[in-house]
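J.:
Protein chains: 2
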Amino acid sequence: MKTFDDRRKEADQIIEGFLREEKGYDRTLIEAMNYSIRAGGKRLRPVLLQSFGRMYGADEKRLHPFMAAIEMIHTYSLVHDDLPAMDNDMLRRGKPTTHARFGEAMAILAGDALLNEAFTIMSDETKRTLFAEDGPLLDECFGEVYATSFISKYAGVDGMAGGQSLDVETDKLGRDVTGEEIHYIYLNKTSALLEASMLAGAVLGGSGVGKDISLIASAGKDIGFAFQIRDDILDIEGDESIIGKETGQDKRNGKSTFVSIHGIEESEAFIRDYTEEAKTHISNLENVKDEEERIFVLDLFDALTERNH
Amino acid sequence: MKTFDDRRKEADQIIEGFLREEKGYDRTLIEAMNYSIRAGGKRLRPVLLQSFGRMYGADEKRLHPFMAAIEMIHTYSLVHDDLPAMDNDMLRRGKPTTHARFGEAMAILAGDALLNEAFTIMSDETKRTLFAEDGPLLDECFGEVYATSFISKYAGVDGMAGGQSLDVETDKLGRDVTGEEIHYIYLNKTSALLEASMLAGAVLGGSGVGKDISLIASAGKDIGFAFQIRDDILDIEGDESIIGKETGQDKRNGKSTFVSIHGIEESEAFIRDYTEEAKTHISNLENVKDEEERIFVLDLFDALTERNH
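Line by line, the protein sequences are chains A and B.
Under this note's numbering, the residue at position 128 of the first sequence is numbered 187, and the numbers go up by one with no gaps.
Under this note's numbering, the residue at position 6 of the second sequence is numbered 65, and the numbers go up by one with no gaps.
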C-alpha cells in the first residue's frame, strides 16, 4: 500500500498538470500563482479528496480537476494570510512568501486568480460531463455539481473565510478569545476545507455514499480540530528547521490559542480524543467500496495528529 | 419601456435578496461584504445579464442568482483594487472604501468572501436544477453550468485578474505602457466581465442563442473598450461631485492611459467607433426573442459611452 508520501508526490504531479504555462502578458501573474503552488506543502486536501473518491469508487480521472482546485483554494488562503495586513509572514516552508517575492499587489492578485482558477477548473469539468459526445453523463454531473457546492460553501463565509474573519477581528481588538470563539475559528478556518475535501471526494464517487455523508462531515470536523491544536503545539515546541517557518509567533503576537487556554498536557489529551472520534466515524462508514483506502485514512489521521512538522 | 435607472433599482432589490443577515461570529465579515455591495454603483453587469437573459427568453427567477453573483464578483474586484497595495483609494462613490472603513485585513477577507459567495450562489442554483423534485431540469442546468463557466473564466487569468496584473506590473515598473498593452489591459480588466454578463444572460435563455454567441462576445469587447476610454476621459475632465471620487488620479500617478497616448479628440472618435461596432453586433443578432430588450441594450450602449459619471 502506498504511503502518504507517495500520495503527496502523486498529488504534486496531478496538480502540476493543471498549472498554466508562464507566458504572454499574464506571465508575472501566472509565475506568482505557480510559485505559490510549487512552494510545496503536505497536499493534504487533494490527498484526502482522492482517497475518499477512491473509497467510494470514483473514476480516477474525474478526481484530478477537483484535487487541483482544492489545493489552489488552500494556497490562495495562505497567500492572502501571509500578507502584511494579515499575518505579515515573510517565510513559509523555508521560502519567501508570495508577497515577499512578487510584491504585495501581485500577491493579492495571485490569490484572487488562484480562487477563480479553481472554480474555472471545476466548472469546465462539469461542462465536460454535461456536454459529453454521447449525451450528458448525468451521474457524473451530479457528483461534480455537489462537490463544487461543498467546496465553495466551506471556502466562504460558512467556512474558511468566516473562521479567518473572527481570527482577524479578535486579533485586532487585542482581547482574549473565549473557548467558544477558538472552537468556531478552528472549525471554520481549518476543519471546513478538510471536510470539504473529504465530502467532495466521496460525492464524486456517486450516489453510493448515501448516509455516510454525515459521518464523513463529523470526521472532517474532528480531524481538523486535532490538526489545528497540533499546529499550535508545534508553534510552541516545534523545530524551525523541520517546520520551515518561525516558531513562537503566537506567543510573540499575544495570540490566544487552544493551547494557551488549556495548556499542553490537556491539549494533547484533546488531540487524542478528537483523533479517536474522527477514526470512529471513519470505521463506522457503511458503504465503503475500497477497504484499503479506509485503512489509509485511519493511518493518515494518526500521522497528522502525531506529526512534528 | 423601463429606463436604465428603473433597471438599476430593480437589480439593487434583487441583489439585496442575496445578502446575508449581519449576525453571529461572522458578523463583521458580513457587514464588510454588505457595505461593499451597498456602496452602490451602476449595477451595469447585473442589468446587462438580466437584459440578455430576457432577450433570449430566460425564466426571470433563474437570472436573479447570477445577477447577484456577477455584482459580487465586480464588487470584490473593486474592494481589492482600492487596497493600499493597489490603487490606495480612500473614497469610492463618495463613501469610504471598504478598507478605509473596516481595515485592510477585513477588506482582503471581504473581497475573498464575496468571490466565494458568488460561486456558492451559482453552484447552489445549479444544484437546484439538477435535483428538482420531478427529476433534473437538464435544459436549465446546461445554461447554468455554461453561465458559471463564462463568469469564472472571464473573472480570472483569462479576464479581469489577467488585465489587472499587467496594469499593476507596468505601474510598478514605472514605464510607459505600449498601445498594445493598453488594449490588452482594457480588454481584460474592463471588457471581460461585461462580456461575461452578456454571455451568461444569453445562455441562461437556453440553446436558442445559437451562433449569436460570437456576436455577443464581440459586442462585449467593443462596449467595454469604449466604456473604459470614457472612464479615462472622466478622470481628466469629470466633475468630482458627480463621479464621487477624486479626478486627475491617472495624471498624478503618472499612469499611461489610452487618452494620454491618443489625446482626447482621437479618443472621443474611438469611443464613437467602438460604440457603433458594438451596436452593429447587437443589431445583427438573429435569434432575439424580445425586441424591446434589444432596443434597451442599444440605448444603454449609447448612454454608457456618453455618460458624465
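We put the CB at the ideal spot given by N, CA and C, even for glycine.
1) Looking at chain B, which residues of the region 149–178 of chain A have a Cβ within less than 7 Å of any of its Cβ atoms?
2) Using alpha carbons as the reference points, say which of E325(A), T229(A), S277(A) and M149(A) lies closest to L344(A).
3) Beta carbon of L189(B), beta carbon of V347(A): below 7 Å?
4) Taking N312(A) as the reference, give the member of G264(A), F286(A), D349(A) and G233(A) with the closest Cα.
5) On a CA-only basis, which of F201(B), Y213(B) and V318(B) is nearest D290(B)? Give me that one, please.
6) Which bits of chain A does H139(B) rub up against, with CB to CB less than 7 Å?
7) Using DSSP's beta-bridge definition, name the partner residues of R151(A).
8) So what's A191(A) in DSSP terms, helix, strand or just coil?
9) Sorted by chain position, which residues of the same chain lie with C-beta nearer than 8 Å to P155(A)'s C-beta, five sequence neighbours on each side aside?
10) Pick from S224(B), R79(B), G218(B) and M219(B): whose alpha carbon is nearest that of F161(A)?
11) Out of G170(A), L258(A), I167(A) and L252(A), which has the shortest C-alpha to C-alpha gap to M114(A)?
12) As a quick exercise: from G265(B), V227(B), L359(B) and Y243(B), pick the residue whose alpha carbon is nearest that of D141(B).
13) What residues from chain A crowd round K195(B), counting only those whose CB sits closer than 7 Å?
14) With a cut-off of 7 Å, does the C-beta of E90(B) fall near any C-beta of chain A?
15) Decide if the region 242–258 of chain B is in contact with the region 204–215 of chain B; the criterion is three or more beta carbon pairs, one per stretch, under 8 Å apart.
16) Tell me which same chain residues have a C-beta within less than 7 Å of the C-beta of T364(A), skipping the five on either side of it?
17) Output needed for I180(B): all residues of its chain with C-beta closer than 7 Å, excluding positions within five of it in sequence on either side, in chain order.
18) Using a cut-off of 8 Å between C-beta atoms, extract the partners of G221(A) located in chain B.
19) With a cut-off of 7 Å, does the C-beta of S110(B) fall near any C-beta of chain A?
20) With 16 other CB atoms within 10 Å as the buried threshold, where does I354(A) fall?
21) Compare the C-beta of V204(A) with all C-beta atoms of chain B and state if any pair is closer than 7 Å.
22) Which residue marks the beginning of the alpha helix (DSSP H) containing P105(B), and which one marks its end?
23) Does the distance from the CB of L263(B) to the CB of L122(B) come in under 7 Å?
24) Do R104(B) and R67(B) come within 7 Å of each other at the CB atom, strictly closer than that value?
25) Classify D191(A) as buried or exposed, calling it buried when 16 or more other Cβ atoms lie within 10 Å of its own Cβ.
26) According to the neighbour-count rule (16 or more other Cβ atoms, all chains shown, within 10 Å of its Cβ), is D193(A) buried or exposed?
27) If I measure Cβ to Cβ from H340(A) and keep anything under 8 Å in the same chain, skipping five residues before and after, which residues do I get?
28) To the nearest angstrom, how far is the alpha carbon of E327(B) from that of E351(B)?
29) Have a look at E163(A), D85(A) and G267(A) and flag the residue whose alpha-carbon is nearest the alpha-carbon of M145(B).
30) Rounding to the nearest angstrom, what Cα-Cα distance links F201(A) and N247(A) in this structure?
31) Should G238(A) be flagged as near chain B, meaning a C-beta pair shorter than 7 Å?
32) Can you find the residues in the same chain that come closer than 7 Å, C-beta to C-beta, to D235(B), ignoring five residues on each side of it along the sequence?
33) Once the 5 residues before and after G99(A) are set aside, which same chain residues still bring their CB inside 7 Å of it?
34) If we define contact as Cβ-Cβ less than 7 Å, is E5(B) a contact residue for chain A?
35) Using only the alpha-carbon positions, how far apart do A169(A) and A91(A) sit?
T.: According to the data block:
1) So the list reads G162, E163, A164, M165, I167, L168, D171, A172, L174, N175, E176 and F178, given in the order they occur along the chain.
2) In the first sequence, the residue the question calls residue 344(A) occupies position 285. Looking at the Cα atoms, S277(A) is the closest of the given residues.
3) Within the second sequence, residue 189(B) is the residue found at index 130, counting from 1. Within the first sequence, residue 347(A) is the residue found at index 288, counting from 1. Going by C-beta atoms, L189(B) is not nearer than 7 Å to V347(A).
4) For the purposes of this step, residue 312(A) is taken as residue 253 along the first sequence, with counting starting at 1. Minimum Cα distance to N312(A) is reached at G233(A).
5) For the purposes of this step, residue 290(B) is taken as the residue at position 231 of the second sequence. Among F201(B), Y213(B) and V318(B), the Cα nearest to that of D290(B) is on V318(B).
6) In the second sequence, counting from the first residue as 1, residue 139(B) sits at position 80. Here the neighbours are I167 and D171.
7) Taking the first residue of the first sequence as 1, we reach residue 151(A) at position 92. Its beta-bridge partners are K154(A).
8) Along the first sequence, read from residue 1 onward, the residue named residue 191(A) stands at position 132. Coil, per DSSP.
9) Numbered from its first residue, the first sequence carries residue 155(A) at position 96. Same-chain partners within the cutoff: M149.
10) Here residue 161(A) is taken as the residue at index 102 of the first sequence, counted from 1. Nearest Cα to F161(A) within the set S224(B), R79(B), G218(B) and M219(B): S224(B).
11) For this step, residue 114(A) is matched to residue 55 along the first sequence. Taking each of G170(A), L258(A), I167(A) and L252(A) in turn and checking the Cα distance to M114(A), the smallest one comes out for L258(A).
12) Residue 141(B) sits at position 82 when you count from the first residue of the second sequence. Of G265(B), V227(B), L359(B) and Y243(B), the residue nearest in Cα terms is V227(B).
13) Position 136 of the second sequence, counted from the start, is the residue given in the question as residue 195(B). Residue 195(B) is actually Pro in this sequence, not Lys. The answer, in chain order, is L197.
14) The residue you call residue 90(B) lines up with position 31 of the second sequence. Interface with chain A (7 Å Cβ-Cβ cutoff): E90(B) is excluded.
15) Counting Cβ pairs under 8 Å, three or more are found: they touch.
16) Locating residue 364(A) in the first sequence gives position 305, counting from the first residue. The beta carbon of T364(A) lies closer than 7 Å to those of A285, F286, R289, I330 and T334 in the same chain, with the five residues before and after it left out.
17) Taking the second sequence and counting its residues from 1, one reaches residue 180(B) at position 121. Excluding positions up to five away in sequence, the list reads F77, P124, A127 and A128.
18) The sequence position of residue 221(A) within the first sequence is 162, counting from 1. Chain B residues near G221(A): Y84, D85, L88 and A172.
19) Looking up residue 110(B) in the second sequence gives position 51. It does not; no Cβ of chain A falls within 7 Å.
20) Here residue 354(A) refers to the residue found at position 295 of the first sequence. When all chains shown are included, I354(A) counts as exposed.
21) For this step, residue 204(A) is matched to residue 145 along the first sequence. Closer than 7 Å to some Cβ of chain B, the Cβ of V204(A) qualifies, so yes.
22) Numbered from its first residue, the second sequence carries residue 105(B) at position 46. First-last of the alpha helix (DSSP H) with P105(B): L103 to M114.
23) Start at 1 with the first residue of the second sequence, and residue 263(B) comes out as number 204. Start at 1 with the first residue of the second sequence, and residue 122(B) comes out as number 63. Yes.
24) Working through the second sequence from its first residue, we reach residue 67(B) at position 8. Working through the second sequence from its first residue, we reach residue 104(B) at position 45. The criterion of a C-beta distance shorter than 7 Å is not satisfied by R67(B) and R104(B).
25) If you number the first sequence from 1, residue 191(A) lands on position 132. One detail in the question is off: residue 191(A) reads as Ala in this sequence, not Asp. Label assigned to A191(A): exposed.
26) Here residue 193(A) refers to the residue found at position 134 when the first sequence is read from its first residue. In summary, D193(A) is exposed, with fewer than 16 beta-carbon neighbours lying within 10 Å of its beta-carbon over all protein chains present.
27) On the first sequence, residue 340(A) is found 281 positions in, with the first residue counted as 1. L274, I275, S277, A278 and D281.
28) One-based indexing of the second sequence puts residue 327(B) at position 268. One-based indexing of the second sequence puts residue 351(B) at position 292. Whole-angstrom Cα-Cα distance: 28 Å.
29) The residue labelled residue 145(B) in the question sits at position 86 within the second sequence. When each option's Cα is compared against that of M145(B), the closest is E163(A).
30) Your numbering for residue 201(A) matches position 142 in the first sequence. Your numbering for residue 247(A) matches position 188 in the first sequence. So the alpha carbons of these two residues sit roughly 26 Å apart.
31) Translated into positions along the first sequence, residue 238(A) becomes position 179. Closer than 7 Å: no.
32) Residue 235(B) sits at position 176 when you count from the first residue of the second sequence. Answer for D235(B): S315, listed in chain order.
33) For the purposes of this step, residue 99(A) is taken as residue 40 along the first sequence, with counting starting at 1. Counting only residues of its own chain and dropping the five nearest sequence neighbours on each side, G99(A) has a CB closer than 7 Å to the CB of R152.
34) Outside the displayed span of chain B (60 to 368) sits residue 5(B), for which this structure offers no information.
35) Taking the first residue of the first sequence as position 1, residue 169(A) is located at position 110. Taking the first residue of the first sequence as position 1, residue 91(A) is located at position 32. Distance from the CA atom of A169(A) to the CA atom of A91(A), rounded to whole angstroms, is 6 Å.
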